[in-house]
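Below is one structure; the comments refer to it alone.
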Amino acid sequence: MNSKHIFMEKMGIMEKLENLDNRARLLQCANELFYEKGYDAVGVQEIVARAGLTKPTLYYYFGSKKGLLEALIAERFDTLRWMYRDLGSRKNLRIEEALFWLADIFCGFFEQDRHFYMLMMALFYSARGNEAYQTIQPYMVEFYDMVVQVFERAADQLGNMHGRQQQFAISFVGTISSYFLLHYERDPDERERVDRQQITALVKQFMYGIFS
């Protein structure tokens, strides 16, 4: 390979890296702005201005602001799927053990990207006709199904649940997420890690409610 070809190959690699960097920058800036101001309050111009890029660049990668949100959710949610995978493969855990594992997974996901976790919850509680809600809704269904599956696999330990697994899932997610919200309000600068002992205490309290 002559020097011209080597130079062109290096330029191609650099261009690809720059493109990846631009895409990642847009996703990160969108994550921050959607969290700070809400999806509807943020325009494309504000996103690209924070990223130091242009509107055509955003449209090239994502097509629209909604396309950007879809890509953000899909990418971040894949991380949660990956983290959950190990728990899903463990078939013989006691319900207490499974819930501790699940709570720890949610803790790790929250600590990895607090802004996205809070954004995800906020979007799910937005107006049902809003395009942001419609975008997050299938992912939140999957999120809750992860918890439902834990209770369904523990049916032999909990008896005939008569559909209570869904109620348990909603209650469990609400308990853990409420703690995250309060923790974040106390520590908006994200310096302090989530207190695993408190999470353990919450899970024990939840289990007491199930069996009482």
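In this text, residue positions in the sequence shown follow my numbering: the first is 296, and each later residue adds one.
Just so you know, even glycine gets a beta-carbon here, dropped at the ideal spot from N, CA and C.
Since the model is a prediction, treat every value here as computed from it, not as a measurement.
message: If contact is defined by three or more beta carbon pairs under 8 Å, each pair taking one atom from either stretch, is the region 384-391 in contact with the region 339-354?
response: Three or more beta-carbon pairs separated by less than 8 Å are not found between the region 339-354 and the region 384-391, which leaves the two stretches without contact.
message: Rounded to the nearest angstrom, what separates M376 and E370 at their Cα positions?
response: Looking at the sequence provided, one finds Arg at residue 376 rather than Met. Approximately 10 Å between the Cα atoms of the pair.
- prompt: What's the gap between the Cα of F419 and the Cα of Y474?
  reply: Their backbone Cα atoms lie some 18 Å apart in a straight line.
query: Which of the three DSSP states, helix, strand or coil, is assigned to A422?
result: Reduced to three states, the DSSP call for A422 is coil.
message: For L477, count the other beta carbons within 10 Å of its own beta carbon; 16 or more makes it buried, fewer makes it exposed. Which is it?
response: L477 sits exposed, since fewer than 16 C-beta atoms from the chains shown fall within 10 Å of its C-beta.
field: E310 versus Q452: straight-line alpha-carbon distance, rounded
entry: The predicted model places E310 with a pLDDT of 49, which falls under 50 and marks its position as unreliable; any figure quoted below should be read in that light. Taking the straight line from one Cα to the other gives about 56 Å.
- prompt: According to the neighbour-count rule (16 or more other Cβ atoms, all chains shown, within 10 Å of its Cβ), is Q493 buried or exposed?
  reply: Exposed is the call here.
task: Kindly list the residues whose CB is nearer than 8 Å to the CB of F405, restricted to its own chain and excluding five residues on each side of it in sequence; keep chain order.
output: So the qualifying residues of the chain are Y412, F475 and V489.
field: Reference V436, options F372, K350, L497 and G333, closest by Cα
entry: The residue from F372, K350, L497 and G333 with its alpha-carbon nearest to that of V436 is F372.
field: Coarse secondary structure for A336, derived from DSSP in three states
entry: Coil at A336, not helix or strand.
field: Same chain, Cβ closer than 8 Å to M502, neighbours up to 5 away in sequence not counted
entry: Sequence-distant partners of M502 (beyond 5 residues in either direction) whose C-beta falls short of 8 Å from its own C-beta, in its chain, are I390, E391 and L394.
message: Could you tell me the alpha carbon to alpha carbon distance between R491 and Q444, rounded to whole angstroms?
response: Rounded to whole angstroms, R491 to Q444 spans 23 Å at the Cα level.
task: Throw me the rounded Cβ distance for the K332 and V339 pair, which I believe falls under 8 Å.
output: Their Cβ separation, rounded to whole angstroms, is 13 Å, which puts K332 and V339 out of contact at 8 Å.
message: Can you tell me whether A449 is helix, strand or coil according to DSSP?
response: It is coil, neither helix nor strand.
- prompt: Considering only residues of the same chain and omitting the five flanking positions on each side of L328, which have a CB-CB separation below 8 Å?
  reply: Around L328: V337, E341, I342 and R345.
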